[in-house]
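Sequence order for the protein chains is R and H. Position one of the first sequence corresponds to residue 1 (this note's numbering), numbered consecutively onward. Position one of the second sequence corresponds to residue 1001 (this note's numbering), numbered consecutively onward. We put the CB at the ideal spot given by N, CA and C, even for glycine. As structure tokens, the structure follows; a few thoughts come after it.
There are 2 protein chains.
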Amino acid sequence: MSITPQSGFARLFNPRAIAVIGASPDTTRIGGQPIPILLDCGYAGGIYPVNPKYQKIGDLTCYASIADVPQPCDLALVAVAGRLVPDVIRQCGKAGIAFATVFSAGFREVGVEGAALETELKAAVAESGVRAIGPNCIGTMNLVDRVYCGFGVGFKNPNLKKGPVAFVSQSGGFAYSVVALADAEGIGFNYIVSAGNEADITTLELAADFLERDEVEVLVLYLEGVTDGRRLRALGARALELGKPILTWKAGNSAIGRSAAESHTASMTADYELYRAAFREGGFIEVRDVHEVVDITRVFLGKRMPRGSNIGIITTSGGSAVLMADECDRYGLKLPRLTDQTTNAIEQIAPKHCALGNPIDLTAQISGNNADFNSIVELALNDANVDQMIVRYGTVQGEKGAAWARDLAAIVDKAGKPLIVSLGRTPDTATAAIEVFAERRIPWVLTPTRTAMAAGALNQYAEKQRHYLAAQARAAKRSVARQELALPANAARLSEADSKKVLAAYGIAIARELVLAPAAIAALKESPLKFPLAVKIDSPDIPHKTEAGAVRLHVQNLAELKEAAATVVANAQRYKPGAHINGVLVAEMAAGTEVIIGVVNDKFFGPVVMFGLGGVFAELLKDVTYRFAPFDKETALEMIGEIKTAPLLSGYRGSAPLAVDALADTLARVSQLAADHADRIAEIDVNPLFVNVHGANAADALIVLKN
Amino acid sequence: MSITPQSGFARLFNPRAIAVIGASPDTTRIGGQPIPILLDCGYAGGIYPVNPKYQKIGDLTCYASIADVPQPCDLALVAVAGRLVPDVIRQCGKAGIAFATVFSAGFREVGVEGAALETELKAAVAESGVRAIGPNCIGTMNLVDRVYCGFGVGFKNPNLKKGPVAFVSQSGGFAYSVVALADAEGIGFNYIVSAGNEADITTLELAADFLERDEVEVLVLYLEGVTDGRRLRALGARALELGKPILTWKAGNSAIGRSAAESHTASMTADYELYRAAFREGGFIEVRDVHEVVDITRVFLGKRMPRGSNIGIITTSGGSAVLMADECDRYGLKLPRLTDQTTNAIEQIAPKHCALGNPIDLTAQISGNNADFNSIVELALNDANVDQMIVRYGTVQGEKGAAWARDLAAIVDKAGKPLIVSLGRTPDTATAAIEVFAERRIPWVLTPTRTAMAAGALNQYAEKQRHYLAAQARAAKRSVARQELALPANAARLSEADSKKVLAAYGIAIARELVLAPAAIAALKESPLKFPLAVKIDSPDIPHKTEAGAVRLHVQNLAELKEAAATVVANAQRYKPGAHINGVLVAEMAAGTEVIIGVVNDKFFGPVVMFGLGGVFAELLKDVTYRFAPFDKETALEMIGEIKTAPLLSGYRGSAPLAVDALADTLARVSQLAADHADRIAEIDVNPLFVNVHGANAADALIVLKN
């Protein structure tokens, strides 16, 4: 039995009998293709064509209606005209058919009219209880049980290899192109699904189902977009728990921010940033080409995970040694020297004039000397400084190559560390060795560049898994308890002072400040705060105060304060007549390095926090990082450490380190505020927040509310 | 005749007779391999084994010494022990053998003793007039005339395809791995050379030779390093003139700067930056994997160059359309909408509900309708907004596919614009069409990602070629005539004031400043310059003044000036007792945005100029750009435009544009200074140079001299 019992989709992919609704004897039509395809691939269950026009299709009796089909079917394949689909689904429900895969097109992909039909289809699904894939999909393929349910050139290949990989795709045509090319490189799939319009069953639901199956060790996802970012994140977490990678090919990544956004953060944040935040925290590995799918899959099928980022490289050519060192460095792998003990032991065996650093280049002198080559591999692989290895060796032809491969596999099994063989020639020159590799799960990869990339992917995943498990192990620490906030019911946003009060409620330090009536300022005998001061209008109707001429900075004395207050009020009134003005905000000016903390509450992903150095660094150089809210101080410290300008905070060129701890605390608190009040808060900008050696102080803030 | 008459290496690659020195009947030895390899590949000239140990080798008479060989040979293949090689070369010279390829190892690659032997070999080469490839190389391959001169597994493949591509490699083993993998993807080579230690003939010499040959349309270079950067640059320029690309796989790119350097610029500049500067200006395309070699080669063999960066895409699957749009964007291609006229004409033919923007997704509905598909391709390809095209079409099997390919080729020929076919399935599903493509020079590429990459490479090359031709066409404009400089003969560096005088001689604006004796400052009644002032020690012995505590900025009045002068003198004396002190440099402080201009006079490449915004931007964010000196103002303007922080100079967020023209003029003058005096100047730092709305002023400078 290939399908784990917990799968609710067991009978969708492995149906005991199938009804083909809209079946046709004409194989140039979509309805004419599923039956010959099912027969060619060797499907053993019942096949029931349904079409009132025909008595028979091929040798099969054709039924006038779904109700006439004698055996209870698990699955209907639907190839009728789009407008008929909702009714067909209802009939399936009445006939006790649990699943439908809808090939028919003409739904939301064709515009308004189609969208209405899709809404009707959704209603039919809900009413009937039938779970449906599609519409506008090209079908599903189960290679374990040999059930091909689809149409088109992708399904006309009964010789596709199977393998412990599942592929869920938001583009049917493209998925089968990837499958064909991966198959040619020796990677097979157990399941392939094109999700179509996802009117009912979604890509993420399918992915979650496959991830749990024992016969799926690697999941491949072609993704244009999802409407449930939280579920995407949950999928990523589950993948790390299971130790299975999700190779994710994300398309449609244009860099366009949210043009309608009010806050800086939101206008800087493109959708792709949110996907990337989800990918980086979960068990996803982004891929961008077929060979990446092939190579990374093969490395994961090796089933050995590195315990750290150190890699050892053994080659027989200087060129590949230099290249792999370069590329490993690019992919975040480290090449330490081996211990002296190992190096000395290798020196006893290695030919003269070899480079015994890392990479170890044994040169062509060792060609054909399989025993010595493998002895050196064993020494290096067992070295304490090595977490995984790449070996590149020319002499892998024929039975001698196979014998070498068997010896190598025994060494790898014993060491329990991942090892990748980098092949220097086409696979057809090493078929016997490659058979051994396949059987013993030793990954092999073509070209030095691809090999380093695959090793890097394995390392990246292992690091994320360690990180995830560590985060799970430590108690989720809140920096601050949930605070009740009196957010106004109908306002679009809060004024600066009110935004800062919300921050203060969450224990975030703000500059000393007062909101005073213009008249009260005019009457002042001395300043209530220490100069220099910032003087700004406080109004929920003027979020962009600088544009309005309603900000004056570096105010040095009482006379300037009075003049500044009068000016910002006058400018604000001119900029937006009738704006509600709370008063004039007078604040002590903080000193330090400007950073920005922002929040976007995405409708699909929920609140995400952005962090970076302020001004040019964030806006022009895009040196920012993201995490989903809420998170703890430890995660905040990671964020602070990963921007390129991080050294400016931790003490650059002899300057004193700034209060990074206080900054991390502030970041965590903002994230907790955003998460606690995600139902009401749409955007937050804390910009700038000043960080100096003593602490972190919010100098300006804007909170945009949900309407 | 396959070799153009201008090639001095004609008889090296196509010898009329070959002597094999150190020939052996044992094919496990290096000396045993060349003869069977020559015979297997079908070499038709004379083969003369030389070895006093044997009478015959196979059917061939073996000669005791080179002098005994009866026919004059054009080439000797040398496989004797390393220590014997210099003498063998001398004997070759006496026997009138013009060329030698030396397989023997044991030269500089094995350390000091080998290096001495290599020096001896160089002497023998010079003395004998024999031109030699190697030592420590694996040989040369000429597939046009079928002359394989080498050893090892790479040469044991008489069935390698030929093709109008040459490959020169600094790693023999790796080159033949690339050749084998490229051959499997359908790309053949006419010449393949492993350059070995380059004791005589260099990689660049070989590359220059191949570039001129008619039967070489694409050159592939595997490069670890060259000792003649100027020749590398000349090669790049020649490639652009000939319209041939040099696909360059550069290895050994560690990011280590020059630790011994005194200037900021030099310490920031890794060797790879110099290579990249040469690659970007010349006809080089950097590659990092075999499939890039394959795809880019195929696209260039199409022999059609785009006139601009606009690309049109036609597909039949939404997924590949989205992906190719993403990837084209990444590679700097633009996807404009077609003209309304074209779009309307396409709408008449296209199936319903197709996306007619760009990409044009004709959907699977058009499958099999080759005529309509090609009509739409023709309309789009001839659109004024389209400079090149990608088409991705599923139905390419069999004779119908070949007919489609022929029609497509006719359309492309007529339009004269480049078009790439992106294949969705493995090539073996479209063999007939692919034959047509090969014959008609229509490039085809697998996967959307690879297709966009290859189109991007073609575009990048075409842009460089246009740029190069434009630069050649405009007269080389100097900003300033060559100035004679009185540079001290034995000094290691100039003081700040003297460095600035050199800049001033080249017409570069410097802040108003004076060098005064400490006593003169103490006696001042009023300041000779406008406050605020910078006060610094002026000494050729203290290049790092800040470290020495010998700089005071923002000096506001006469009392402060006197105190500052006394302090910097005292600190300088404490920092470096006995330092020669010219006096105290007092300078008006400029205001503006800080930039850095620097020069490194590299021993291989000559002077190269670095430019970027100062401080954090250059040092931490590495937002700098390089050009070789000298260059004109137009090139300087390009440099200014290409750093990420360029908007800060051209007017960011409403601020006034700075004096970019004056900055460009300064950059060009620094480059001309560096080039004019490259014999004496090792490094220059102008750091900072202040740029404001009025002009550009050097506020500090350091010139390091060659010793």
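Please go through the same chain and pick out, in chain order, the residues whose beta-carbon is closer than 7 Å to the beta-carbon of residue i, but skip the five residues on each side of it.
{"i": "Ile256 of chain R", "result": "At Ile256 of chain R the pLDDT is 48, less than 50, meaning the model places this residue with poor confidence; the figure from the coordinates comes in the next sentence. Around Ile256 of chain R: Ala270."}
{"i": "Asp40 of chain R", "result": "Pro158"}
Would you call residue i buried or exposed, if buried means 16 or more other Cβ atoms sit within 10 Å of its Cβ?
{"i": "Arg574 of chain R", "result": "exposed"}
{"i": "Val1088 of chain H", "result": "buried"}
{"i": "Pro72 of chain R", "result": "exposed"}
{"i": "Ala1698 of chain H", "result": "buried"}
{"i": "Pro1443 of chain H", "result": "buried"}
{"i": "Ala1325 of chain H", "result": "buried"}
{"i": "His291 of chain R", "result": "buried"}
{"i": "Gln1091 of chain H", "result": "buried"}
{"i": "Ser1065 of chain H", "result": "exposed"}
{"i": "Pro712 of chain R", "result": "Past the edges of chain R, shown from 1 to 707, lies residue 712 of chain R, and the structure says nothing about it."}
{"i": "Pro1005 of chain H", "result": "Note on Pro1005 of chain H: pLDDT 38, under 50, position unreliable in the model; the coordinate value appears next. Label assigned to Pro1005 of chain H: exposed."}
{"i": "Leu1446 of chain H", "result": "buried"}
{"i": "Glu720 of chain R", "result": "The question about residue 720 of chain R has no answer here: the residues shown for chain R are numbered 1 through 707."}
{"i": "Asn159 of chain R", "result": "exposed"}
{"i": "Ile1003 of chain H", "result": "Note that Ile1003 of chain H scores a pLDDT of 34, beneath 50, so its modelled location is shaky; the value from the coordinates is reported in the next line. Under this definition Ile1003 of chain H is a buried residue."}
{"i": "Asp1387 of chain H", "result": "buried"}
{"i": "Asp1214 of chain H", "result": "exposed"}
{"i": "Arg653 of chain R", "result": "exposed"}
Using the beta-carbon of each residue, which ones in chain B are nearer than 8 Å to residue i?
{"i": "Tyr1063 of chain H", "result": "Annotation note: the requested chain B is absent from the structure, which comprises protein chains R and H."}
Which class does residue i belong to by DSSP, given the choice of helix, strand or coil?
{"i": "Pro1543 of chain H", "result": "coil"}
{"i": "Ile37 of chain R", "result": "helix"}
{"i": "Ser1177 of chain H", "result": "helix"}
{"i": "Gly1139 of chain H", "result": "strand"}
{"i": "Lys56 of chain R", "result": "strand"}
{"i": "Arg1474 of chain H", "result": "coil"}
{"i": "Ala100 of chain R", "result": "strand"}
{"i": "Gln1091 of chain H", "result": "helix"}
{"i": "Asp538 of chain R", "result": "strand"}
{"i": "Val50 of chain R", "result": "strand"}
{"i": "Gly1651 of chain H", "result": "coil"}
Can you list, in chain order, the residues of its chain with a C-beta nearer than 8 Å to that of residue i? Leave out the 5 residues immediately preceding and following it.
{"i": "Val1080 of chain H", "result": "Ile1021, Gly1022, Gly1031, Val1088 and Ser1104"}
{"i": "Gln465 of chain R", "result": "Leu240, Gly243, Gly283 and Met305"}
{"i": "Asn1374 of chain H", "result": "Trp1404, Asp1407, Leu1408 and Ile1411"}
Alpha carbon to alpha carbon, how far is residue i from residue j?
{"i": "Tyr43 of chain R", "j": "Tyr148 of chain R", "result": "8 Å"}
{"i": "Asp200 of chain R", "j": "Ala432 of chain R", "result": "47 Å"}
{"i": "Thr1315 of chain H", "j": "Val1421 of chain H", "result": "10 Å"}
{"i": "Ile313 of chain R", "j": "Asp361 of chain R", "result": "8 Å"}
{"i": "Lys706 of chain R", "j": "Tyr331 of chain R", "result": "41 Å"}
For residue i, I'd like the list of residues in its chain whose CB is within less than 6 Å of its CB, leaving aside the five on either flank, ordered along the chain.
{"i": "Tyr1176 of chain H", "result": "Gly1154"}
{"i": "Arg231 of chain R", "result": "Leu204"}
Please name the residue in the options whose C-alpha comes closest to that of residue i.
{"i": "Met1268 of chain H", "options": "H:Leu1658, H:Ala1636 and H:Ile1596", "result": "H:Ile1596"}
{"i": "Arg307 of chain R", "options": "R:Asp361, R:Gly456 and R:Lys536", "result": "R:Gly456"}
{"i": "Thr593 of chain R", "options": "R:His580, R:Gly614, R:Val600 and R:Phe99", "result": "R:Gly614"}
{"i": "Ala519 of chain R", "options": "R:Thr567, R:Ala591, R:Phe604 and R:Glu435", "result": "R:Thr567"}
{"i": "Asp1074 of chain H", "options": "H:Pro1052, H:Phe1009 and H:Leu1038", "result": "H:Phe1009"}
{"i": "Gly507 of chain R", "options": "R:Ala564, R:Ser671, R:Asn344 and R:Leu658", "result": "R:Ser671"}
{"i": "Gln1556 of chain H", "options": "H:Lys1303, H:Arg1440, H:Val1586 and H:Met1610", "result": "H:Val1586"}
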